[in-house]
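Quick note, the sequence shown lines up with residues 17 to 281 if you use our numbering.
Here a beta-carbon is modelled for each residue, glycine too, at the ideal position from N, C-alpha and C.
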Amino acid sequence: MVKIGFIGMGNMGNAILNGLLKTHRPEDMIFSAAHQDKMEAVTARTKVPHAGSNRECAKAVKYLILAVKPQYFDAVFSEIRDVVTPEQVVISLAPGVTISNITERLGGNVRVVRAMPNTPAMLGEGMTGISCGEGSCTEEEKETVRDIFSSCGRVEMVEERLMDAVGCVSGSSPAFVYMFIEALADGGVKYGLPRKTAYAMAAQTVLGSAKMILETGKHPGQLKDEVCSPGGTTIAGVSALEEHGLRNAVIKAADACYEKTQSMK
C-alpha cells in the first residue's frame, strides 16, 4: 500500500506534496486530479505517480488527503465511498465541514481528520491546525498526520470545536496581513519611498516581527512596548492605530470569517 494519497492537486495539494518530497520518496505517494494534462505535468515535475481515478487513488493509500473544495465533495464521495476502509485515515482540508459530516457521507465506517493549512505552506512557512477527533487515531497515526503538515510549516493540534477559530486566525488571515503590508507600504510611498522598496521593507518587517514572537516566546504586547520609546515616534503611531480602531477592525474581520464558516454548515 502507498503511504499518502491526494485527491485534488490545486495550490494546497501541491504545497503539501512539495513539502513531503523533502522527506519522502515519490513512490511513497500518489494523487488524482480532475484534469489529465495537469496530472501529467505534476508527475513530470515531481515523479509522483498519478492514479487513473479518485477511486483508484483512495484504494491505494493509508492516508488520504481530500484537497478539494466542499462543493466537489458529493462527486468525490460517490466515487470513493465504497472503497475507503477503517484502516485508512481520511484527512479533509475543507473549512466548516465537520468530522461527523464527512464520516456520515463516506458511509459511517471511516476515520476522519480535519486539517486547516494556509497558503504560506507553498513556501514551507504554513500554519496548520489539526483535529484528529476523539479516539479516531492511534498516537502513531497522529504523529504521522503531524509530520505530513510539518513538512510545509508549523502545526498545532486542537479540539474540533476550535477548528472554525483556526480558520479565522491562520486560514483566512494571510489576506489581512497582505492588506496591512500594502497599507504600510502606501504610507512609505506617501513620503517618497519607491513602491518596490516600500513593499520590500514592509514585508520584511512583518516577517521579522513574526519571528520575534515565535523565537523569543515574548508576548506581542511586550515586544510592542520594547519598540515604543517614551514620547517617541512609535508610540505616536500606536496611538493613531488605537484611535482609528485597528484592533477592533481585526477582531471584526475574524467575526466575519467565523460567521461565514458557520453559515456554510
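My assumption, with CB atoms under 8 Å, is that residue i sits in contact with residue j. Please give the rounded CB distance.
{"i": "Ile-107", "j": "Val-92", "result": "That belief does not hold up - the Cβ atoms of Ile-107 and Val-92 are roughly 13 Å apart, past 8 Å."}
{"i": "Val-99", "j": "Ile-20", "result": "Not really, about 16 Å apart at Cβ, beyond 8 Å."}
{"i": "Leu-82", "j": "Gly-24", "result": "7 Å"}
{"i": "Val-222", "j": "Val-193", "result": "6 Å"}
{"i": "Ala-218", "j": "Leu-200", "result": "4 Å"}
{"i": "Gly-124", "j": "Met-280", "result": "Actually they do not touch by this definition, with Cβ atoms about 22 Å apart."}
Using the Cα positions of residue i and residue j, report the straight-line distance between them to the nearest angstrom.
{"i": "Pro-133", "j": "Leu-178", "result": "14 Å"}
{"i": "Cys-184", "j": "Tyr-274", "result": "6 Å"}
{"i": "Ser-186", "j": "Lys-38", "result": "24 Å"}
{"i": "Met-173", "j": "Lys-158", "result": "9 Å"}
{"i": "Phe-196", "j": "Asn-30", "result": "27 Å"}
{"i": "Gly-208", "j": "Gly-261", "result": "26 Å"}
{"i": "Gln-220", "j": "Leu-139", "result": "15 Å"}
{"i": "Gly-248", "j": "Ala-214", "result": "22 Å"}
{"i": "Thr-250", "j": "Arg-211", "result": "22 Å"}
{"i": "Glu-43", "j": "Leu-36", "result": "12 Å"}
{"i": "Leu-80", "j": "Glu-56", "result": "20 Å"}
{"i": "Ile-146", "j": "Gln-238", "result": "29 Å"}
{"i": "Lys-268", "j": "Asp-53", "result": "42 Å"}
{"i": "Ser-188", "j": "Asn-27", "result": "15 Å"}
{"i": "Val-58", "j": "His-235", "result": "42 Å"}
{"i": "Val-161", "j": "Gly-149", "result": "12 Å"}
{"i": "Ser-245", "j": "Ser-225", "result": "17 Å"}
{"i": "Thr-62", "j": "Glu-259", "result": "51 Å"}
{"i": "Lys-85", "j": "Phe-22", "result": "13 Å"}
{"i": "Ala-252", "j": "Val-266", "result": "20 Å"}
{"i": "Leu-257", "j": "Asn-264", "result": "10 Å"}
{"i": "Lys-206", "j": "Lys-227", "result": "28 Å"}
{"i": "Gln-87", "j": "Thr-135", "result": "20 Å"}
Thinking C-beta only, is residue j closer than 8 Å to residue i?
{"i": "Ser-48", "j": "Cys-73", "result": "yes"}
{"i": "Leu-33", "j": "Val-64", "result": "yes"}
{"i": "Ala-67", "j": "Ile-46", "result": "yes"}
{"i": "Ala-137", "j": "Gly-169", "result": "yes"}
{"i": "Glu-176", "j": "Ile-229", "result": "no"}
{"i": "Thr-119", "j": "Asp-180", "result": "no"}
Which residue or residues does DSSP assign as beta-bridge partners of residue i?
{"i": "Gly-24", "result": "None, per the DSSP bridge assignment."}
{"i": "Glu-172", "result": "Gly-145"}
{"i": "Val-205", "result": "BP columns for Val-205 are empty, so no partner."}
{"i": "Arg-211", "result": "DSSP, once it has assigned bridges, lists no residue as partnering Arg-211."}
{"i": "Ile-81", "result": "Phe-22 and Ile-107"}
{"i": "Ile-46", "result": "Gly-21"}
{"i": "Val-129", "result": "Ile-107"}
{"i": "His-260", "result": "Paired residue(s): none; His-260 is not in a bridge."}
{"i": "His-66", "result": "Phe-47"}
Select from the options the residue whose C-alpha is nearest the C-alpha of residue i.
{"i": "Pro-190", "options": "Glu-175, Thr-144, Ile-118 and Glu-155", "result": "Thr-144"}
{"i": "Gly-151", "options": "Ile-164, Ala-265 and Val-126", "result": "Val-126"}
{"i": "Ile-96", "options": "Lys-85, Gly-112 and Arg-121", "result": "Arg-121"}
{"i": "Cys-153", "options": "Asp-241, Val-105, Ala-199 and Ala-270", "result": "Val-105"}
{"i": "Lys-75", "options": "Val-205, Thr-101, Pro-111 and Ala-265", "result": "Thr-101"}
{"i": "Asn-70", "options": "Ala-50, Glu-231, Lys-227 and Asp-271", "result": "Ala-50"}
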